[in-house]
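Below: one structure, written as structure tokens.
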Amino acid sequence: MTTAAPTIGSGITLLTAATPNGYKASIALEELKAIGAIPSYSVVPISFQKNEQKSDWFLKINPNGRIPALVDAIEGQAPVNVWESASILLYLARVYDANHVFHFSDPAEEQELLNWIFFLQGGVGPMQGQANHFFRYAPEKIPYAIKRYQDETRRLYSVYETRLADREYLVGPGRGKYTIADICTYGWVSSYAWAGLSLDTFPRLKAWLERISARPAVVLGNSVPKSNYVKPEDAERAAKEASDWVRRVLLVSKLAFIIHFDGRS
1 MTTAAPTIGS
11 GITLLTAATP
21 NGYKASIALE
31 ELKAIGAIPS
41 YSVVPISFQK
51 NEQKSDWFLK
61 INPNGRIPAL
71 VDAIEGQAPV
81 NVWESASILL
91 YLARVYDANH
101 VFHFSDPAEE
111 QELLNWIFFL
121 QGGVGPMQGQ
131 ANHFFRYAPE
141 KIPYAIKRYQ
151 DETRRLYSVY
161 ETRLADREYL
171 VGPGRGKYTI
181 ADICTYGWVS
191 SYAWAGLSLD
201 TFPRLKAWLE
211 RISARPAVVL
221 GNSVPKSNYV
231 KPEDAERAAK
241 EASDWVRRVL
251 LVSKLAFIIH
261 FDGRS
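With UniProt numbering, the residue at position 137 of the sequence shown is 137, and numbering never jumps.
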């Protein structure tokens, strides 16, 4: 389905939905607002049910058709399209965090920050994302797949648990400082329960999560976009609706495949 393109004005516009990756971007923007690095930003909620992320207008911003995406319309310059959640965090840090509040001026520390961002992007995000899918959304419950991805996510969580043995944040001298590496990681770790996981065996990671969750900008970022927010007590209902939607999409795709090849025969 192709939906009408929204009007994107000047300044920063975030196109997003209520997902772990979406929250990374909205939290980073709220943190930058809190320190006065940006005045404000606009939000365009993206509906997965309407498949808006696959609309022609959205694909011009992000050819991969995924959220979040960001358009930075700087006055006097061509708009900058930024997509992939980690790319958005790095862009915001580079362009708007000149005082290195959420990253580092020291090259060695900045590299360590990148290490942890890519550890999340290449490991935790994909593995926990699959755990989410098979535990919550898959039309057929496959015990092997659920266990496989939950176990691997737990293994990755254990790396964080070790890292946080003598520090409060993932990167930085001493006990560390709060950075975009923490923001990037928070988006997924904060949704551990959605994947059927527990933090009871990861007390340091749990304390880290609680520490970050208490930040005012994180609270605000977690409510963006408001139209997509699911209350905890509604989680099971929302999961069932999502699972039913996945089932319908698979059925339509299967029928389209059959029609396509029948038409060629």
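Using N, Cα and C, we set each Cβ at its ideal position, and we do this for glycine too.
These numbers were taken from a predicted model, which means no experiment stands behind them.
Contact between residue 38 and residue 12 holds, with the beta-carbon distance rounding to 6 Å and staying under 8 Å. Taking all protein chains shown into account, residue 72 has 16 or more neighbouring C-beta atoms within 10 Å of its C-beta and is therefore buried. By alpha-carbon distance to residue 198, the top candidate from 150, 100, 170 is 150.
In the structure shown, residue 141 falls within a coil segment according to DSSP collapsed to helix, strand and coil. For residue 123, no pairing in a beta bridge is given by DSSP. The three-state reading of DSSP puts residue 106 in coil, since its state is none of H, G, I, E or B. By the CB criterion at 8 Å, residue 113 and residue 171 fall inside the cutoff. Residue 72 is bridged by DSSP to 12, 80. Ranking 141, 36, 45, 26 by CA distance to the CA of residue 8 puts 45 first.
The distance from the Cβ of residue 212 to that of residue 218 is about 6 Å, consistent with a contact at the 8 Å cut-off. In chain order, 72 place their CB closer than 6 Å to the CB of residue 80, counting only its own chain and leaving out the 5 sequence neighbours on each side. For residue 44, the enclosing beta strand (DSSP E) starts and ends at 42–45. Taking C-alpha positions only, residue 215 is separated from residue 32 by approximately 13 Å. Between residue 186 and residue 67, the CB-CB gap reaches or exceeds 8 Å. DSSP, reduced to helix, strand and coil, places residue 171 within a strand of the structure shown. The alpha-carbon of residue 145 is positioned some 13 Å away from that of residue 126.
Residue range 20–34 is occupied by the alpha helix (DSSP H) that includes residue 22. Following the DSSP letters along the chain, one finds residue 95 inside the alpha helix (DSSP H) bounded by residues 85–96. Within the DSSP secondary-structure output, residue 226 pairs in no beta bridge. Put simply, the backbone Cα of residue 65 is about 5 Å away from that of residue 54. For residue 210, the enclosing alpha helix (DSSP H) begins and ends at 203–213. Under DSSP, residue 60 forms no beta bridge with any residue.
By the C-beta density criterion, residue 143 is exposed, having fewer than 16 other C-beta atoms within 10 angstroms.
Here DSSP, grouped into helix, strand and coil, assigns residue 177 to strand.
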